[in-house]
Structures are given as structure tokens and as C-alpha cells.
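Enquirer: Supplied in C-alpha cells, the structure appears directly below.
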Amino acid sequence: IALLNLENERKQSNLDRLNQLNHLSELQLQQSLMENLNYQQSLQLAETEKEKQQSKIQLLILNEEMYKQSRLQAQRLNRLFSIGYIIIIVALAITAFLILLAFRNKKEKEKALLKQTAADLNRQLMEMHMKALNFQLNPHFIFNCVHSVEYLLKESKVKESMVCLRKFSNLTRLMLESMSKQDIPLEKELEIVKAYMDLKQTRSANPFTYVIEQDPAIDVKTTLVPPLILQPFIENSIKHGFIDGEETYKISIRLHTDNNMLLCDITDNGIGYTASRNGIKRVSGFKKESLGLKLTEDRLRVINQMKFSKASFTIQDLQTKDIGLNGTIVSLSLPYISVA
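Numbering-wise, the sequence shown is residues 162 to 501 according to our numbering.
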């Protein structure tokens with residue numbers, strides 16, 4: 162029995178030991194399984210972290226590539242913009258140069274045209290001056306002057322004939338000296354008018370007197386006028402306004418200024434402009450008067466084009482109060498030019 166109990170105890174002890182070993186094995190197995198699970202989890206975590214790192218790296222690489230691409234694109238755009246700016250600047254410069262060149266050419270053409278126009282106007286004006294001189298010093302006028310001197314010599318009026326000849330030569334000299342110029346001093350023009358009327362006084366069948374009045378503010382030495390601009394109107398008064406046999410004829414010349422214009426009023430107490438045109442006084446020279454006025458109109462037209470002025474003249478009938486006859490008034494307007 163004792164042996165049996167010992168044997169049982171031994172078996173029980175072996176069984177307990179076996180159970181402990183089994184239990185330990187199970188624990189070790191579980192621990193191994195847990196360690197394997199943890200290892201697998203660690204591997205998964207490591208793999209996940211690696212994937213994350215790779216993703217980050219790829220993202221960084223992608224960002225870097227995109228950044229490089231954007232920089233390259235920006236550089237291309239900057240180059241394109243720079244080239245575009247250069248092209249625009251060059252185009253603007255070329256356009257500005259062409260515009261400036263065209264403007265300069267236009268100005269040069271306009272300048273050349275103005276010079277040509279001025280030259281043409283000067284030529285026309287000089288031609289008209291010569292026509293005016295030819296109009297005044299026509300053969301009929303010269304013949305009459307010579308005939309008057311011849312008549313005075315036949316009548317043994319040597320002194321009077323010498324006076325007439327001197328006045329004629331003085332008038333001719335003044336006219337010839339003036340016609341080579343575009344403008345002459347008003348003093349010279351008045352000298353021509355006086356010489357002409359003095360000569361006419363010695364030859365005219367109708368005695369007349371004349372008076373010249375001027376504004377004291379007008380300096381006749383520095384004021385310029387076209388040559389022989391007054392003489393045609395004086396001649397018209399004497400030749401077409403005065404009736405044969407009448408007396409107390411008078412020519413009045415008044416000079417004044419207004420609004421930068423030189424105004425000249427030539428008044429006579431003859432039969433009047435309308436009456437002389439309508440035939441109260443029939444003379445063969447009225448056609449010449451018309452030509453003289455037309456020539457004066459043409460001269461003033463050219464002067465206006467050259468000097469951008471408004472030169473003009475008007476002729477009107479005037480009722481004189483002293484002797485009751487219809488007179489004539491010529492109102493001549495010229496640009497007031499002074500060299501002072």
C-alpha cells in the first residue's frame with residue numbers, strides 16, 4: 162500500500178509536472194504568437210511608415226518637379242514678355258520715327274509750298290506793280306505831258322514849260338524808283354501823289370486844289386504801303402469827276418488808323434461816281450478807269466494772300482454841302498505796317 166501510494170504520488174507529481182510543462186508550453190506558444198503578432202504589426206507599421214515616407218518623397222519630388230516646371234514656364238513667359246516688350250518698343254520706335262519722318266516731310270513740303278506760294282505771290286505782285294506802272298506811265302499820259310511842254314514853249318512860256326517838265330521828270334523818277342519794291346514808306350507814296358497832282362494842276366482844264374490830312378500818330382517815314390496804291394483813285398477823281406468849265410474843285414486825302422488797319426479816305430466834290438459811270442460825263446478813258454480799279458483789286462487780293470490781311474476799297478457817291486454837287490468818296494483799307 163505504501164508503495165502504491167508512493168507510486169500514485171509519483172504519477173501525480175509527473176502529471177502535475179506534465180501539466181505545468183503543458184501550461185508553460187502554452188504560455189510560451191501564446192507569448193511566441195503574441196511576439197509574432199507584434200512583429201507582424203511592427204512590420205506592417207514599418208511598411209506603412211515606409212509607404213508614407215515614400216509618398217512624402219514622391220510628393221516632394223512631384224512638387225519639386227512642378228516647381229521646376231513652373232519656374233521654367235515663368236522663365237519662358239518672362240522671355241516671351243521681354244521679347245514682346247522689345248518688339249513693342251521697337252515697333253513703337255519705328256512707328257514714331259516714321260510718323261516723325263512723315264511729319265518732317267510734310268512740314269518740308271508745306272514749307273517748300275509756302276516758299277513757292279510766296280515766290281509766286283511776290284512774282285504776281287511785282288507783275289501787278291509793273292502793270293500799275295505801265296498803266297500810269299502809258300504812252301497817252303507821256304504824250305500829253307510832252308504836248309503840254311511843247312504848247313507852253315510855243316506860247317513862249319519857257320518858265321512854265323520848265324516847271325511842267327521838271328514835275329514830269331520828278332514824277333517819273335519817283336514811280337520808277339518805287340515799282341522795284343514790294344512796299345515803300347508812306348512818305349514816298351504821298352510824295353508821288355503830290356507830284357502827280359502838281360503835274361495835273363499845270364495841265365488840267367479844270368483847276369482844283371488838294372489837301373492831305375493825317376493822324377499825328379502815323380509816322381509816314383516808317384509806315385509801309387504798296388507803291389502807287391493811291392494814284393489810280395486820284396486820277397479817277399480828276400479825269401472822271403470834274404466837269405469842264407466848273408470851278409472850286411477839291412480833292413481831300415485823309416489818313417488815319419483803326420484796328421491795325423491804315424485807312425485812307427479820298428474825297429472829291431465832283432459829279433459823283435455813279436454819274437460818271439452813267440454817262441453824265443462821257444470820256445473815252447472810262448474803260449481805262451475800270452481797268453485801273455480791277456488792277457488795284459487784284460493787287461489787294463495778292464497782298465491779302467501774302468500778309469493774311471483784309472485790304473479792300475469801296476467807292477461811294479457823296480453829297481457835298483458847299484456847292485451842292487454829288488461828290489465821291491473812296492475808302493481804302495490797308496494793313497498797318499510799321500518798321501519802327
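Every residue, glycine too, gets a C-beta built ideally from N, C-alpha and C. Owing to the predicted nature of the structure, the values given are computational and were not obtained by experimental measurement.
In or out: tyrosine 246 buried (at least 16 other Cβ within 10 Å) or exposed?
Expert: Taking the sequence shown and counting its residues from 1, one reaches residue 246 at position 85. Counting C-beta atoms within 10 angstroms of its own C-beta, tyrosine 246 has fewer than 16 neighbours from the protein chains shown and is therefore classed as exposed.
Enquirer: Please classify histidine 184 as buried or exposed, where buried requires at least 16 neighbouring CB atoms within 10 angstroms.
Expert: Start at 1 with the first residue of the sequence shown, and residue 184 comes out as number 23. Exposed, since its Cβ has fewer than 16 Cβ neighbours within 10 Å.
Enquirer: Alpha carbons only, please: which of Ile399, Pro377, Gln234, Leu233 is nearest the one belonging to aspartate 359?
Expert: Numbered from 1 along the sequence shown, position 198 holds the residue referred to as residue 359. Ranking the options by Cα distance to aspartate 359, first place goes to Ile399.
Enquirer: Check whether the Cβ atoms of phenylalanine 369 and glutamine 375 lie closer than 8 Å to each other.
Expert: Within the sequence shown, residue 369 is the residue found at index 208, counting from 1. Within the sequence shown, residue 375 is the residue found at index 214, counting from 1. Not a contact, by the Cβ cut-off of 8 Å.
Enquirer: With H, G and I counted as helix, E and B as strand and the rest as coil, what does DSSP make of aspartate 459?
Expert: Within the sequence shown, the letter at position 298 stands for residue 459. Of the three classes helix, strand and coil, the one that applies to aspartate 459 here is helix, per DSSP.
Enquirer: Return the chain-ordered list of same chain residues with a C-beta closer than 6 Å to the C-beta of phenylalanine 509, the five sequence neighbours on each side being excluded.
Expert: Examination of residue 509 is not possible in this model, given that the chain is present from 162 through 501 alone.
Enquirer: Counting C-beta neighbours from all protein chains within 10 Å, is the total for lysine 448 16 or more, i.e. buried, or is it exposed?
Expert: In the sequence shown, counting from the first residue as 1, residue 448 sits at position 287. Residue confidence is low: lysine 448 scores 47 on pLDDT, short of 50, so the model does not pin down where it sits. Its coordinate-derived value is still stated next. So lysine 448 counts as exposed.
Enquirer: State the DSSP-derived secondary structure class of threonine 370, mapped to helix, strand or coil.
Expert: Position 209 of the sequence shown, counted from the first residue, corresponds to residue 370. The answer is strand: DSSP assigns threonine 370 an E or B state.
Enquirer: Just verifying my parser: in three-state terms, what is the DSSP assignment at lysine 411?
Expert: As a working note, residue 411 is residue 250 in the sequence shown. Of the three classes helix, strand and coil, the one that applies to lysine 411 here is strand, per DSSP.
Enquirer: Quick check: the stretch 422-437 against the stretch 451-463, are there 3 or more CB pairs under 8 Å?
Expert: no
Enquirer: Which of the three DSSP states, helix, strand or coil, is assigned to asparagine 331?
Expert: Working through the sequence shown from its first residue, we reach residue 331 at position 170. Helix.
Enquirer: Less than 7 Å between C-beta atoms, sequence neighbours within five positions excluded: which residues of the same chain meet that for glutamate 352?
Expert: Within the sequence shown, the letter at position 191 stands for residue 352. For glutamate 352, where only same-chain residues beyond five positions count, the Cβ hits under 7 Å are Leu335.
Enquirer: Cα separation between leucine 253 and threonine 278?
Expert: As a first step, residue 253 is located in the sequence shown; it is residue number 92 there, counting from the start. As a first step, residue 278 is located in the sequence shown; it is residue number 117 there, counting from the start. So the two alpha carbons sit approximately 36 Å from each other.
Enquirer: Quick one, are the C-beta atoms of leucine 385 and aspartate 344 less than 8 Å apart?
Expert: Here the question's residue 385 lines up with position 224 in the sequence shown. Here the question's residue 344 lines up with position 183 in the sequence shown. Contact flag set, yes.
Enquirer: Going straight from the alpha carbon of isoleucine 464 to that of isoleucine 255, what length do you get?
Expert: Residue 464 sits at position 303 when you count from the first residue of the sequence shown. Residue 255 sits at position 94 when you count from the first residue of the sequence shown. Going from the Cα of isoleucine 464 to the Cα of isoleucine 255 covers about 43 Å.
Enquirer: Kindly indicate the opening and closing residues of the beta strand (DSSP E) around proline 496.
Expert: Locating residue 496 in the sequence shown gives position 335, counting from the first residue. 487-496 is the span of the beta strand (DSSP E), which, as asked, contains proline 496.
Enquirer: Assuming lysine 342 and proline 393 form a contact by the criterion Cβ under 8 Å, report the distance between their Cβ atoms to the nearest whole angstrom.
Expert: On the sequence shown, position 181 is the one that residue 342 refers to. On the sequence shown, position 232 is the one that residue 393 refers to. Not really, about 18 Å apart at Cβ, beyond 8 Å.
Enquirer: For aspartate 429, count neighbouring C-beta atoms within 10 Å of its own C-beta (all shown protein chains included) and say buried if the count is 16 or more, exposed if not.
Expert: Here residue 429 refers to the residue found at position 268 of the sequence shown. Buried, because 16 or more other Cβ atoms sit within 10 Å of the Cβ of aspartate 429.
Enquirer: Whose C-beta lies closer than 6 Å to the C-beta of isoleucine 222 among residues of the same chain, with five residues either side of it excluded?
Expert: For this step, residue 222 is matched to residue 61 along the sequence shown. Result list for isoleucine 222: empty, nothing under 6 Å.
Enquirer: Just how far apart, CA to CA, sit threonine 489 and glutamate 269?
Expert: To locate residue 489, count along the sequence shown from 1; it is residue 328. To locate residue 269, count along the sequence shown from 1; it is residue 108. Going by the C-alpha atoms only, they are around 49 Å apart.
Enquirer: From methionine 323 to lysine 349, what does the alpha carbon distance come to, in whole angstroms?
Expert: Locating residue 323 in the sequence shown gives position 162, where the first residue counts as 1. Locating residue 349 in the sequence shown gives position 188, where the first residue counts as 1. One C-alpha to the other measures close to 23 Å.
Enquirer: Between the alpha carbons of cysteine 425 and leucine 391, how many angstroms are there, rounded?
Expert: As a working mapping, residue 425 is identified with position 264 in the sequence shown. As a working mapping, residue 391 is identified with position 230 in the sequence shown. If I take the Cα positions, the gap works out to 9 Å.
Enquirer: Would phenylalanine 242 be called buried (16 or more neighbouring beta carbons within 10 Å of its own) or exposed?
Expert: As a working note, residue 242 is residue 81 in the sequence shown. Phenylalanine 242 counts as exposed, since fewer than 16 other beta carbons sit within 10 angstroms of its beta carbon.
Enquirer: Leaving out the 5 sequence neighbours to the left and right, which residues in its chain are closer than 6 Å to serine 499 when beta-carbon positions are compared?
Expert: Taking the sequence shown and counting its residues from 1, one reaches residue 499 at position 338. Cβ neighbours of serine 499 beyond the five flanking positions: Thr383, Thr384.
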